[in-house]
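Note sheet for the following structure.
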Amino acid sequence: MKTLIARILKETSFEKNPYFVRLTKGTFSKADFIETQIQFFNAVIFFSRPMSALAAKIPSPELRMEILRNVWEEHGEGDVGRHHSTTFLEFLVRMDGIKSSEDLARRALWPEVRIFNTTLAGACVLDDYLIGVGMMGMIERMFCEISNWIGKAVVARGWLAPKQMIHYNLHKKLDIRHSQDFFAVLAPAWEASRDNRYYIEQGLWLGATLFNNLYEGLYRHRGRRLMRDTLGPHSRAEGAT
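Numbers in my numbering are just positions in the sequence shown, counted from 1, shifted up by 5.
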């Protein structure tokens, strides 16, 4: 499975995604970057929800614990100040991107983010758990590198001092372990049958493609400014945020 993961990462070539290339080269404006990060916030706050549903589908309680621990860590291990939504919100504040939560609420959700969130929910709730775990594991694996690239670029461009960096400095270390937890869940099934290996491969490819496409879409429409004249959740399925 390690060989397959490495091949998918190589073929996806997410390091060549214009979002990261332009950010690193300095041709991605701060205003556009912040706007795309405000949209990405909607993915951050949603991510643990399909993960929670996925955990319930894993048949082994021992393996289920691997995912439940990740859900717990996504929620700051019970510390509201370390909840991933809290740290990302603080990142936006420090970047001078927002002044209040209402600044976020006034933004309309971009279709690229809705596609991402809806696909997460669909795969985790409606599909085989091996596909959901493979998808989420690959996203976590990619995000540890993405966090490193974004964190370094933000500091290099003088937008934040190293000591001001928040959220991304945590994920470049945390998400490599999270991805290993997901892949550990897949290991017994991978060895058990050819059918399982097919489902796992499908999930890994889905995660890599979905996440890479999200960043490509965010960069492509970086100049977009969509506002709304209503407040509340972007989907009635979400409930209050």
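Ideal Cβ positions, reconstructed from N, Cα and C, are used throughout, including at glycine.
Excluding its 5 nearest sequence neighbours in each direction, Phe121 has C-beta neighbours in its own chain below 7 Å: Ala48, Leu215, Leu219, listed in chain order. Your pair Gly127 and Gly212 does not check out as a contact, with CB atoms roughly 13 Å apart and the cut at 8 Å.
Closest in alpha carbon position to Trp115, among Phe46, Ile144, Arg162, is Phe46. Counting only runs of 4 or more residues that sit fully inside the stretch 171-227, the alpha helix (DSSP H) segments are 173-197, 199-225, in chain order. In the three-state scheme derived from DSSP, where H, G and I count as helix and E and B as strand, Met147 is classed as helix. For Thr124, the enclosing alpha helix (DSSP H) has its first and last residue at 116-131. Per DSSP, reduced to three states, the secondary structure at Met232 is strand. In this structure, Asn22 keeps its C-beta atom at 8 Å or more from the C-beta atom of Glu206. A distance below 8 Å separates the beta carbons of Leu135 and Asn201. Contact check for Ile72 and Ala58: beta-carbon distance about 10 Å, past the 8 Å limit, so the pair fails to qualify. Bridge partners of Arg112 according to DSSP: Met232.
For Ser57, the uninterrupted alpha helix (DSSP H) run begins and ends at 35-62, by DSSP.
Around the Cβ of Glu107, a 10 Å sphere holds fewer than 16 other Cβ atoms; the residue is exposed. In this structure, Met6 keeps its C-beta atom at 8 Å or more from the C-beta atom of Ala197. The way I'd put it, the stretch 36-44 doesn't touch the stretch 233-240; fewer than three beta-carbon pairs between them come closer than 8 Å. Here the alpha carbons of Lys104 and Val98 stand approximately 6 Å from one another.
Closest option to Ser65, judged by alpha-carbon separation, among Ala189, Met170, Arg162, Asp132: Ala189. In this structure, the beta-carbon distance from Cys129 to Met56 falls below 8 Å.
Of the residues assessed, Asp186 falls on the buried side of the cut-off, its CB having 16 or more other CB atoms within 10 angstroms.
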